[in-house]
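Notes for the one structure printed next.
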Amino acid sequence: MSVAAAVEEAHRREWAGVLAATVRLTRDLDLAEECAQDAYAQALQTWGRDGVPERPGAWLTTVARHRALDVLRREALLRRVLPLLVTRPAHEPAPADDRLSLVFVCCHPALSREAQVALTLRLVCGLSTAEVARAFLVQESTMAARVTRAKKKIATARIPFRVPVPERLAERVGAVLDVVHLVFTAGHTAPIGAGLVRRDLVAGAIGLGRMLHLLLPRNPEVTALLALLLLIDARRDTRCDAGGRLVLLADQDRTRWDRRQIAEGVALLTEALHKSSPSRYGVEAAIAAVHAEAPSWAATDWQEIVGLYDLLLRLWPSPVVELNRAVAVGLRDGPAAGLAALAPLLDEPALATYGYLSAARADFLRRLERWGPAATAYEEALALTDNEVERAFLAERLASVRRL
Amino acid sequence: MAKYLILIYGDEQQWAGMSERERLELEAGHAAFRAAAGDRVLDGQELEAPGTATTLRLLTTTDGPFLETKEALGGYYLLQAADLDEVITLAGMLPEVAAGHSGVEIRPVRDHG
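Taken in order, these protein sequences are the chains called A and B. Sequential numbering of the first sequence, starting at 1, is according to this note's numbering. Sequential numbering of the second sequence, starting at 1001, is according to this note's numbering.
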């Protein structure tokens, strides 16, 4: 492995740990980030000369913390702009891993969801501001301002760099899981642009999921979310054909699904369901598992899928879940039943600009051979979709129903 | 340690319409909060109804609160605590958080020291 590749891998695997251990020392996010970045820059030089150390993470942490001590000594007398971060009191035992404290700071409920996502990608996943900005389609300067504002709030409102007390843990873990899920969703089907998938966001989300599972191994919701991400991502290589065109779940080559990842996801899901009654992510993972284990689209157990959507609606009522349930009803009972199940959702304001509703109607109408209304529904779906790969698929379907 | 102001907002009509028992329950809730917070409470008061407010702006003095909203400021606590999570845990005990029409806002007090 080249030195550059070794540093890159250490960045992917160790960034959050290096940064978190440095934050503990500096109690200042900006300074810690700077020192951690310096450590990676120095690794490029030193590792080239002396070879890659046996424990790259420990090497990087030591360098970053030394650098921080130098700066702190030099600047001890300078007036600080922001107050220091609050860390755990001295009498409390040190946590096994500072990364968890970092995650909980980034996903604190006193920060907006946008700020939580931006901070998590920047500080925990180690993405640059430019990369985060690109992922969420905002100007780099806008994203930089968002991150700066969030860091300022963390310092000023004294959001602590520590793991929440047990009574608050469940609620706080919930916010962290929602952030991870959001990052995954944004990567799995990019809301806009040329590619269907944003690989860096998907990898970042799965990395976060694995890290949380490692740090909170007994939390069933964490386990269930990791299962969900692995099961969905197992289909990654079959979602587009060689020409980059969208391939629906119905038409994917199931022999090319990542069977090892599916087995891991199913094992995690089983473990989560043994520990507690199913959570939102547990039921979503169960739905993904039914698909992952079905030998073909036709042989999918739609009765089971409709039942799981019913359960999901009770745990997490949302118009999008109702839409997915209606589609499953159509696949179980035929396109006319599907269309009838979708009908009440047409007046739902939350779905007014949701392209998948139009696309689902279009598909049922097409299968009923109602070509005119199907074409209108495909036109609607096209107008509401900004991802180029999905647009190409819808345009092709529209052309085919127009010919009939 | 830092200081935080907890601002208690709620529907004035609902507060005014409380029965004697509801009033006693509310006060018991505040007593429990004060007991839990101990000497972290630096100050705390219930305010008179918003209709008793006077607002000064450039060249005018008017009756009523600064912001005419359904949810009015009904009282406050000034707290001293180590961090925001400590305040969130304590403030979560306030009866106004559990009531549907009211809630609390936590604002850090600027430290000029």
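Ideal Cβ placement from N, Cα and C applies to all residues, glycine included.
If you draw a straight line from the C-alpha of residue i to the C-alpha of residue j, how long is it?
i	j	result
ASP1063 of chain B	THR1089 of chain B	36 Å
GLU1105 of chain B	ALA20 of chain A	30 Å
ARG27 of chain A	LEU84 of chain A	5 Å
SER1102 of chain B	MET1018 of chain B	13 Å
GLY265 of chain A	PHE1066 of chain B	56 Å
THR376 of chain A	LEU121 of chain A	40 Å
ALA362 of chain A	VAL202 of chain A	29 Å
GLY204 of chain A	GLU131 of chain A	12 Å
ALA360 of chain A	LEU269 of chain A	28 Å
VAL290 of chain A	GLU1068 of chain B	54 Å
ALA1098 of chain B	ALA1091 of chain B	11 Å
LEU384 of chain A	TYR354 of chain A	7 Å
HIS66 of chain A	ARG73 of chain A	11 Å
Which term fits residue i, buried or exposed, when burial requires 16 or more other beta carbons within 10 angstroms of its beta carbon?
i	result
ILE287 of chain A	buried
GLY187 of chain A	buried
LYS1070 of chain B	exposed
LEU196 of chain A	buried
ILE154 of chain A	buried
VAL165 of chain A	exposed
PHE405 of chain A	Residue 405 of chain A lies beyond the residue range present for chain A, which begins at 1 and ends at 404; the question has no answer from this structure.
THR22 of chain A	buried
ASP237 of chain A	exposed
ALA45 of chain A	Reading off the sequence shown, one finds Gln at residue 45 of chain A, where the question assumed Ala. Its Cβ having fewer than 16 others within 10 Å, GLN45 of chain A is exposed.
THR129 of chain A	buried
SER112 of chain A	exposed
PRO217 of chain A	exposed
PRO191 of chain A	exposed
HIS181 of chain A	buried
LYS151 of chain A	buried
PRO419 of chain A	The question about residue 419 of chain A has no answer, for chain A in this structure spans 1 to 404.
ARG1021 of chain B	exposed
SER101 of chain A	buried
GLN139 of chain A	exposed
ALA1072 of chain B	buried
GLN405 of chain A	Because chain A in this structure spans residues 1 to 404, residue 405 of chain A falls outside the shown range and cannot be described.
LEU119 of chain A	buried
GLY372 of chain A	exposed
ALA41 of chain A	exposed
MET1001 of chain B	exposed
GLU75 of chain A	exposed
LEU208 of chain A	buried
ARG99 of chain A	buried
GLU1046 of chain B	exposed
ARG260 of chain A	exposed
Assuming residue i contacts residue j (C-beta within less than 8 Å), just tell me the rounded distance between them.
i	j	result
TYR1077 of chain B	GLY1044 of chain B	4 Å
ALA5 of chain A	ALA39 of chain A	17 Å between Cβ atoms; not a contact.
ASP241 of chain A	ILE206 of chain A	With a Cβ gap of about 24 Å, ASP241 of chain A and ILE206 of chain A do not count as contacting.
LEU25 of chain A	ALA68 of chain A	5 Å
ALA272 of chain A	ALA224 of chain A	4 Å
LEU1084 of chain B	ILE1006 of chain B	Contact doesn't hold; Cβ gap of about 12 Å is too wide.
SER279 of chain A	GLU221 of chain A	5 Å
Between the options, which lies nearest to residue i when the distance is taken from Cα to Cα?
i	options	result
ALA1016 of chain B	B:GLY1074, B:LEU1094, B:ARG1107 and B:VAL1097	B:GLY1074
GLU293 of chain A	A:LEU273, A:GLU131, A:HIS213 and A:ILE262	A:ILE262
LEU312 of chain A	A:LEU127, A:VAL283, A:LEU384 and A:ILE159	A:VAL283
ASP50 of chain A	A:CYS35, A:SER2, A:ALA16 and A:LEU29	A:SER2
LEU123 of chain A	A:GLU92, A:CYS35 and A:LEU82	A:CYS35
THR61 of chain A	A:ARG74, A:LEU29 and A:ALA16	A:ALA16
TRP59 of chain A	A:ARG325, A:GLU14, A:GLU171 and A:ASP30	A:GLU14
ASP97 of chain A	A:HIS213, A:ARG254, A:GLY244 and A:GLU304	A:HIS213
ARG391 of chain A	A:SER358, A:THR300 and A:ARG367	A:SER358
ALA227 of chain A	A:LEU177, A:LEU119, A:ARG88 and A:ARG168	A:LEU177
CYS107 of chain A	A:GLY174, A:THR129, A:ASN387 and A:ALA224	A:GLY174
VAL327 of chain A	A:ALA350, A:ALA145 and A:LEU365	A:LEU365
LEU382 of chain A	A:ARG370, A:ALA395, A:PRO373 and A:TRP371	A:ALA395
TRP316 of chain A	A:VAL183, A:PRO344, A:TYR281 and A:TRP47	A:TYR281
ALA1049 of chain B	B:THR1061, B:ASP1011 and B:ALA1028	B:ASP1011
ARG149 of chain A	A:VAL179, A:GLU114 and A:ARG172	A:GLU114
GLU388 of chain A	A:ARG259, A:LEU246 and A:ASN324	A:LEU246
ARG88 of chain A	A:GLU322, A:ALA32 and A:ILE159	A:ILE159
ASN219 of chain A	A:ASP258, A:LYS275, A:LEU29 and A:TYR309	A:LYS275
Next item on the list: Check distances from the C-beta atoms of the stretch 164–188 of chain A to those of chain B and list, in chain order, the residues that come in under 8 Å.
Entry: Correct list: PRO164, VAL165, GLU167 and ARG168.
Checklist line | Residues in the stretch 1068–1088 of chain B having any Cβ partner in chain A nearer than 7 Å | finding: ALA1082, ASP1083, LEU1084 and ASP1085
Check: Got a sec: which bits of the stretch 371–389 of chain A sit with their beta carbon under 8 Å from any beta carbon on chain B, in order along the chain?
Finding: Here the close residues number zero.
Check: What residues in the stretch 100–120 of chain A have a beta carbon less than 7 Å from any beta carbon of chain B?
Finding: ALA110
Next item on the list: Could you please tell me which residues of the stretch 124–151 of chain A, in chain order, have their CB closer than 7 Å to any CB of chain B?
Entry: none
Next item on the list: Report the residues of the stretch 1034–1066 of chain B with a CB closer than 7 Å to any CB of chain A, ordered along the chain.
Entry: none
Notebook entry, point to check: Listed from N- to C-terminal order along the chain, which residues in the stretch 1094–1106 of chain B have their beta-carbon within a distance smaller than 9 Å of any beta-carbon of chain A?
Noted result: ILE1106
Check: Between the stretch 1001–1018 of chain B and chain A, which residues of the former have a C-beta closer than 7 Å to a C-beta of the latter?
Finding: ALA1002
Check: What residues in the stretch 3–35 of chain A have a beta carbon less than 9 Å from any beta carbon of chain B?
Finding: none
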